[in-house]
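Here's the structure, in structure tokens; my notes come after.
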Ligand SMILES: Cc1ncc(C[n+]2csc(CCOP(=O)(O)OP(=O)(O)O)c2C)c(N)n1
Ligand code: SF4
């Protein structure tokens with residue numbers, strides 16, 4: 001399979017970038033090229049997650065990835081693991097079933113802000129409440145990417161999207177505060193540009209017993225250009241320059257507003273809480 | 001095929017022992033599931049299915065199984081599919097509104113080919129209807145409720161004994177064909193007490209999903225060389241990609257016309273080509289019948305009584321009682337047509353559901369429906385009067 005894997009399903013020969021050398025055996029090279037836009041943050045997450053899985057100390061075959069629908073939801077398909085690409089918003093309960101049925105599995109859900117927090121919001125808060133022993137990576141690009149840039153539960157107030165052409169009226173979720181209040185054991189927020197910190201968080205997430213939430217701020221370079229953030233390059237700059245790392249930040253202060261001069265990142269919550277299942 | 005005696009050797013003393021028991025239909029479903037090897041239940045409370053969840057929450061831990069009350073029905077069926085993906089036979093139970101919520105995931109189970117059991121204890125509808133009283137309005141929904149093309153297997157128990165037996169059969173069918181199987185019970189069957197005979201453990205056959213025998217690097221999760229491809233269990237080293245999008249044999253998404261055709265054809269063929277093997281029905285006084293009443297579930301009790309009376313009045317009436325709604329034994333209807341039957345009359349607690357299915361096979365022989373308001377079972381007198389009217393029309 002490994003030699004054959006160089007040739008993709010479309011018959012094109014693909015070579016992984018050098019930075020993927022260590023995780024080559026975890027990537028479904030035969031599925032490339034991937035569907036993501038050049039410059040999307042999801043490729044970085046894919047690489048870091050694969051690396052964290054590889055170095056987690058947990059046997060590769062025990063790792064299971066569950067994803068819902070969206071650009072982020074396609075991430076599991078590029079990992080050479082047991083992966084389940086399920087319906088929009090429903091990855092968490094599927095993961096809960098997997099983990100309960102076989103507690104030896106290390107189950108990780110990856111989803112977009114719409115997937116996990118809108119349609120899947122009920123599952124998210126209840127899995128956090130039960131403190132089910134699964135990992136949830138929320139890729140927050142402030143928008144619905146795959147369906148064309150509509151507003152999502154994390155779209156900042158005032159932001160223009162394809163369904164908020166006059167500026168968004170609703171208040172967004174403060175994701176770390178929500179996760180903490182609902183009962184998660186582990187809550188962090190990074191951007192895809194904070195590769196080292198994000199990688200460490202992913203590693204840590206595997207060690208946590210209980211519901212682990214990693215919020216990853218990621219640019220949707222295609223659909224965010226209607227926003228105050230500007231074009232793709234501006235957006236990258238925002239994610240690079242505005243973040244302030246404060247592990248002890250008050251969770252109530254973690255709202256994100258595009259007009260803000262700082263976006264707080266950090267490892268906010270790590271606590272031992274009884275686990276209901278798993 | 002292995003039997004319960006062979007498969008669950010060390011647990012036999014924990015199962016409901018062979019012999020005669022007195023159970024309600026909902027408990028019979030739960031015990032049937034435990035006997036068939038179900039060890040996971042994820043559900044959300046809804047009347048009149050609650051006794052199944054309550055009983056399973058008490059029963060499953062005794063046999064090393066797990067129970068979870070999820071936050072809603074979508075979560076319930078998803079937890080069931082997840083547990084089954086991890087290799088554990090799993091089920092949920094619900095009623096109308098909950099069954100409606102699960103529809104998207106019936107499609108998912110069909111697409112990922114994950115065996116699962118849903119018990120729908122039908123109640124009066126539409127919407128929340130009459131929670132405490134029966135309906136038979138979900139028959140078509142069981143097969144046509146989700147979008148796209150797929151097939152299910154759905155049983156129609158009429159009493160606690162069948163609730164027990166058909167639950168085992170449904171779990172077996174789910175495993176054999178890797179589909180979502182449904183037990184379409186109803187409120188009356190669920191709450192009816194009756195005699196349930198548990199067969200000897202070496203008489204109950206248990207089917208397990210096909211497992212891969214090839215090494216992981218040769219494994220194709222949706223291998224179209226099989227009608228029912230072997231299923232790799234999560235965590236066993238196959239590292240397989242399971243895709244809800246239209247996919248290739250490898251489980252990779254595709255928009256290719258031929259790949260789509262091949263996949264969807266296989267998903268429906270695995271049931272359609274085995275319909276004669278799966279479908280079950282009862283023929284009651286059909287040998288000389290000129291008029292055939294088609295009814296199922298709790299309603300068939302009333303119809304049976306009505307037929308006895310109508311026979312004494314000189315009407316040659318019989319009953320066809322499908323025990324599986326899906327696959328529907330359409331060829332039995334066709335055979336009756338060739339035998340010269342004059343009319344079919346469907347009697348169900350709805351405004352005409354199985355009516356449409358019978359009509360599909362009746363080749364122009366009239367089919368009439370006796371409607372009955374959801375919530376109540378048609379009494380024998382109602383059936384007698386209305387069937388007589390239809391016959392004499
Ligand atoms: C039940 C259902 N509703 C709607 C959709 C359409 N849909 C596909 S992806 C998506 C949202 C994607 O946004 P997000 O979850 O934030 O992920 P992203 O694409 O931004 O990574 C929606 C609404 C669907 N597939 N299923
Ligand atoms: S639409 Fe946005 S989220 Fe989706 S791949 Fe493109 S950049 Fe990434």
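Chains as they are written, first to last, in this note's numbering: chain C, 1 to 278; chain B, 1 to 393. Think of the CB as a built atom: it goes at the ideal place given N, C-alpha and C, for glycine as much as any other residue.
Is the beta carbon of residue i less than 7 Å from the beta carbon of residue j?
{"i": "residue 278 of chain B", "j": "residue 183 of chain B", "result": "no"}
{"i": "residue 150 of chain B", "j": "residue 7 of chain B", "result": "no"}
{"i": "residue 294 of chain B", "j": "residue 358 of chain B", "result": "yes"}
{"i": "residue 234 of chain B", "j": "residue 85 of chain B", "result": "yes"}
{"i": "residue 238 of chain B", "j": "residue 216 of chain B", "result": "yes"}
{"i": "residue 249 of chain B", "j": "residue 219 of chain B", "result": "no"}
{"i": "residue 119 of chain B", "j": "residue 48 of chain B", "result": "no"}
{"i": "residue 93 of chain C", "j": "residue 75 of chain B", "result": "yes"}
{"i": "residue 112 of chain B", "j": "residue 174 of chain B", "result": "no"}
{"i": "residue 232 of chain B", "j": "residue 212 of chain B", "result": "yes"}
{"i": "residue 98 of chain B", "j": "residue 73 of chain B", "result": "yes"}
{"i": "residue 291 of chain B", "j": "residue 309 of chain B", "result": "no"}
{"i": "residue 360 of chain B", "j": "residue 390 of chain B", "result": "no"}
So is residue i buried or exposed if we call it buried at 16+ other beta carbons inside 10 Å?
{"i": "residue 127 of chain B", "result": "exposed"}
{"i": "residue 59 of chain C", "result": "exposed"}
{"i": "residue 256 of chain C", "result": "buried"}
{"i": "residue 12 of chain B", "result": "exposed"}
{"i": "residue 146 of chain C", "result": "buried"}
{"i": "residue 100 of chain C", "result": "buried"}
{"i": "residue 139 of chain B", "result": "buried"}
{"i": "residue 363 of chain B", "result": "exposed"}
{"i": "residue 245 of chain C", "result": "exposed"}
{"i": "residue 314 of chain B", "result": "exposed"}
{"i": "residue 272 of chain B", "result": "exposed"}
{"i": "residue 331 of chain B", "result": "exposed"}
{"i": "residue 176 of chain C", "result": "buried"}
{"i": "residue 21 of chain C", "result": "exposed"}
{"i": "residue 274 of chain C", "result": "exposed"}
{"i": "residue 61 of chain B", "result": "exposed"}
{"i": "residue 322 of chain B", "result": "buried"}
{"i": "residue 12 of chain C", "result": "exposed"}
{"i": "residue 53 of chain C", "result": "buried"}
{"i": "residue 19 of chain B", "result": "exposed"}
{"i": "residue 299 of chain C", "result": "This structure does not reach residue 299 of chain C, given that chain C is present from 1 up to 278, and the question cannot be answered."}
At a Cβ threshold of 7 Å, is residue i touching chain A?
{"i": "residue 239 of chain B", "result": "The displayed structure is made up of protein chains C and B, and chain A is not among them."}
Please state whether DSSP places residue i in a helix, a strand or coil.
{"i": "residue 289 of chain C", "result": "Residue coverage of chain C in this structure runs from 1 to 278, which leaves residue 289 of chain C outside it and unanswerable."}
{"i": "residue 319 of chain B", "result": "strand"}
{"i": "residue 223 of chain B", "result": "coil"}
{"i": "residue 242 of chain B", "result": "strand"}
{"i": "residue 174 of chain C", "result": "coil"}
{"i": "residue 187 of chain B", "result": "helix"}
{"i": "residue 111 of chain C", "result": "strand"}
{"i": "residue 94 of chain B", "result": "strand"}
{"i": "residue 380 of chain B", "result": "helix"}
{"i": "residue 84 of chain B", "result": "helix"}
{"i": "residue 305 of chain B", "result": "helix"}
{"i": "residue 83 of chain C", "result": "strand"}
{"i": "residue 229 of chain B", "result": "coil"}
{"i": "residue 256 of chain C", "result": "coil"}
{"i": "residue 354 of chain B", "result": "helix"}
{"i": "residue 62 of chain B", "result": "helix"}
Three or more C-beta pairs below 8 Å linking the region 195-203 of chain B and the region 170-186 of chain B: no
Given 8 Å, three or more beta-carbon pairs between the region 324-340 of chain B and the region 369-378 of chain B: no
The region 196-213 of chain B / the region 41-59 of chain B touching (three or more Cβ pairs under 8 Å): Counting C-beta pairs closer than 8 Å gives fewer than three between the region 196-213 of chain B and the region 41-59 of chain B, which falls short of the contact rule.
The region 340-350 of chain B in contact with the region 128-141 of chain B per 3-pair CB rule at 8 Å: Flag = yes, the region 340-350 of chain B and the region 128-141 of chain B touch.
contact_flag[the region 199-211 of chain C, the region 238-248 of chain C] where n(CB pairs < 8 Å) is 3 or more: no
The region 124-144 of chain C touching the region 218-234 of chain C, judged by at least three CB pairs closer than 8 Å: yes
The region 252-270 of chain C touching the region 184-194 of chain C, judged by at least three CB pairs closer than 8 Å: yes
The region 51-71 of chain C in contact with the region 106-120 of chain C per 3-pair CB rule at 8 Å: yes
Any 3 or more C-beta pairs closer than 8 Å across the region 51-66 of chain B and the region 115-125 of chain C: no
Touch test, the region 123-140 of chain C against the region 86-106 of chain B, Cβ-Cβ under 8 Å, three pairs minimum: no
Three or more C-beta pairs below 8 Å linking the region 239-247 of chain B and the region 80-99 of chain C: Contact annotation: the region 239-247 of chain B touches the region 80-99 of chain C, with at least three C-beta pairs closer than 8 Å.
Cβ contact check for the region 11-30 of chain B and the region 154-167 of chain B: 3 or more pairs under 8 Å: yes
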